[in-house]
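The block underneath contains the structure these notes are about, expressed in structure tokens.
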Amino acid sequence: MPFSIVRNDIARVHADVLVNAANSHLAAGSGVCGALFAGAGHADMQRACDEIGFCPTGSAATTPGFKLPCRWVVHAVGPIWQGGGHDEEQLLRSCYRSVFAEVERLGAHSVAYPLISSGIYGYPVAEALRVAREETEAFLERAEDVDVTLVVFDRSTIALGAEGLDGLRSYIDDTYVERSPFARRRMQRAGACAPGAAAPSWHCPVCGMLNTADARFCVDCGTPAPDTEGEVLSPLLGVPLPANQAFCAEAAAPSPEPGSMFDGDLIEAIEHLDAPFSTALLALIDARGMTDAEVYKRANISRQLFSKIRSNPGYRPTKPTAVALGLALGLDYDELQGLLARAGLTLSRSSTFDVIVEYFVANGEYNIFRINEALFAYDQPLLGSS
Numbered sequence: 358m359p360f361s362i363v364r365n366d367i368a369r370v371h372a373d374v375l376v377n378a379a380n381s382h383l384a385a386g387s388g389v390c391g392a393l394f395a396g397a398g399h400a401d402m403q404r405a406c407d408e409i410g411f412c413p414t415g416s417a418a419t420t421p422g423f424k425l426p427c428r429w430v431v432h433a434v435g436p437i438w439q440g441g442g443h444d445e446e447q448l449l450r451s452c453y454r455s456v457f458a459e460v461e462r463l464g465a466h467s468v469a470y471p472l473i474s475s476g477i478y479g480y481p482v483a484e485a486l487r488v489a490r491e492e493t494e495a496f497l498e499r500a501e502d503v504d505v506t507l508v509v510f511d512r513s514t515i516a517l518g519a520e521g522l523d524g525l526r527s528y529i530d531d532t533y534v535e536r537s538p539f540a541r542r543r544m545q546r547a548g549a550c551a552p553g554a555a556a557p558s559w560h561c562p563v564c565g566m567l568n569t570a571d572a573r574f575c576v577d578c579g580t581p582a583p584d585t586e587g588e589v590l591s592p593l594l595g596v597p598l599p600a601n602q603a604f605c606a607e608a609a610a611p612s613p614e615p616g617s618m619f620d621g622d623l624i625e626a627i628e629h630l631d632a633p634f635s636t637a638l639l640a641l642i643d644a645r646g647m648t649d650a651e652v653y654k655r656a657n658i659s660r661q662l663f664s665k666i667r668s669n670p671g672y673r674p675t676k677p678t679a680v681a682l683g684l685a686l687g688l689d690y691d692e693l694q695g696l697l698a699r700a701g702l703t704l705s706r707s708s709t710f711d712v713i714v715e716y717f718v719a720n721g722e723y724n725i726f727r728i729n730e731a732l733f734a735y736d737q738p739l740l741g742s743s
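The opening position of the sequence shown corresponds to residue 358 in this note's numbering, with each subsequent residue numbered one higher.
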């Protein structure tokens, strides 16, 4: 896929281009630099670097990969952190732009880079990650057929730098406390909520969980709340479901709130009530007034994969791919559930991956790169994977 994050020794990663976090003299160093010199063959790499000579901060130079699993090594010289008042951000951005310019000049189809300047150069990890993310996004806007990989040696690097993880940790903790059978039994025994909260008012038709009146979904299994008549409605067909059935037998989709994108005009645009995932997806793209390129770039999937989805009405996406496409369209939680149902998929609160997605959707955050940073920090599949 176009952008991914992996935990690995960069000297072991297979790509057309491996990026070295270099110094201005292109001399062997420690960390990433030392690993790449060792993997290439120290003498060969140093000889090639000596032929280039000095490389200014914010720029990059290319050598062969020698014994490394790559064709080329691009040596990128990032800035040393000096408190932020010495043009460090502009120099770091220039560094990444120089790397990507080399990738384009070489005609490479894949590039793997470390988080430049975040090691012994002392650049704050959160800021270094933000710059890397933004420059990579900008690059992929014009070079959509290049696979880009951020390589970290320690998963905690992303955990330290990813935005919004404090709120996410609390959200995940709260979700799993709510799902605890002990918490559920306490709630059911009490028959009431904490002071100031809505009184319990509906039982889940699937698991029997007693939920509060303001709960849109069962806190135990994720089943949508019944309507005011006590019925669960199919979002795709608009028909009542039996009290013990959370998903429509015909459409296999959970019920959204009234006014969802899957009500009214849009469902008519889809034309066929049993439309498969790809048909529903294309109808949603048209309804949003978006182009294919906008969608697959925002979804972090390749043009080739999107072409397969477009040309194959029976295409069954993986869950990360289906979720990524829904987020690229800016769907809210209910709309996303409706789209996933077309592929026989759903989001629930029993999966860390699903809870992370729910958190970002609830907060109106649809940037796949940022969401993938959080997923990576929790050792979950990344969005856009085929």
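Idealized CB from N, CA, C, for every residue including glycine.
So is residue i buried or exposed if we call it buried at 16+ other beta carbons inside 10 Å?
i	result
A400	exposed
L593	Bear in mind that a pLDDT of 40 at L593, under 50, signals an unreliable position, so the model cannot answer this.
F411	exposed
T648	exposed
P613	Its pLDDT being 43, under 50, P613 is placed unreliably in this model, and the value from its coordinates should be taken loosely. The residue is buried, with at least 16 neighbouring Cβ atoms inside 10 Å.
R699	buried
S664	exposed
S451	buried
G701	exposed
G441	exposed
G646	exposed
G524	exposed
A626	Model confidence at A626 stands at a pLDDT of 47, short of 50, so the residue's coordinates are unreliable and nothing is read from them.
Does the distance from the C-beta atom of residue i to that of residue j stay below 8 angstroms?
i	j	result
A685	R655	yes
S361	T506	yes
G741	N657	yes
R667	L639	yes
L517	A465	no
Y470	V508	yes
T703	L697	yes
N724	L739	no
A734	I515	yes
L677	D504	Looking at the sequence itself, residue 677 is Pro, so the reference to Leu does not match. Not in contact: P677 and D504 (Cβ atoms no closer than 8 angstroms).
R526	R364	no
L425	A385	no
F510	D366	yes
T419	E459	yes
E494	F726	yes
A731	L393	no
Going by DSSP, name the residue or residues bridged to residue i.
i	result
V505	F360, V468
H399	DSSP output for H399 lists no bridge partner at all.
H443	Answer is none; H443 lacks a bridge partner.
V434	A379
W374	It is Val, not Trp, that sits at residue 374 in the sequence shown. DSSP lists W429, V468 as partners of V374.
T420	V430
Please name the residue in the options whose C-alpha comes closest to that of residue i.
i	options	result
A378	D511, L472, L739, T648	L472
E498	N365, E651, P738, Y723	E651
F423	M402, H432, D407	M402
P481	A519, G695, I725	A519
E722	V508, L688, P633	L688
L375	V456, F496, A698	V456
R462	D643, F726, A500	A500
Q447	D407, A485, D531	A485
E692	R727, L641, P677	L641
A405	L383, C390, L425, G396	L383
S381	L393, I409, A395	I409
V468	L449, H432, E445, H443	H432
D502	Y690, Y653, Q694, A679	Y653
R454	F496, C427, R428	F496
Handout entry: Cβ contact (3+ pairs, closer than 8 angstroms) linking the stretch 489 to 501 and the stretch 368 to 378
Key = no
Exercise for the section: Answer yes if the stretch 664 to 674 comes into contact with the stretch 708 to 727, meaning at least three C-beta pairs across the two stretches below 8 angstroms, and no otherwise. Expected result: no
Practice task
Spell out a yes or no on whether the stretch 474 to 487 and the stretch 697 to 713 are touching, meaning 3 or more CB-CB pairs, one atom from each, closer than 8 angstroms.
Solution key: no
Problem - Stretch pair the stretch 426 to 436 + the stretch 402 to 415: three plus CB contacts closer than 8 angstroms - result: yes
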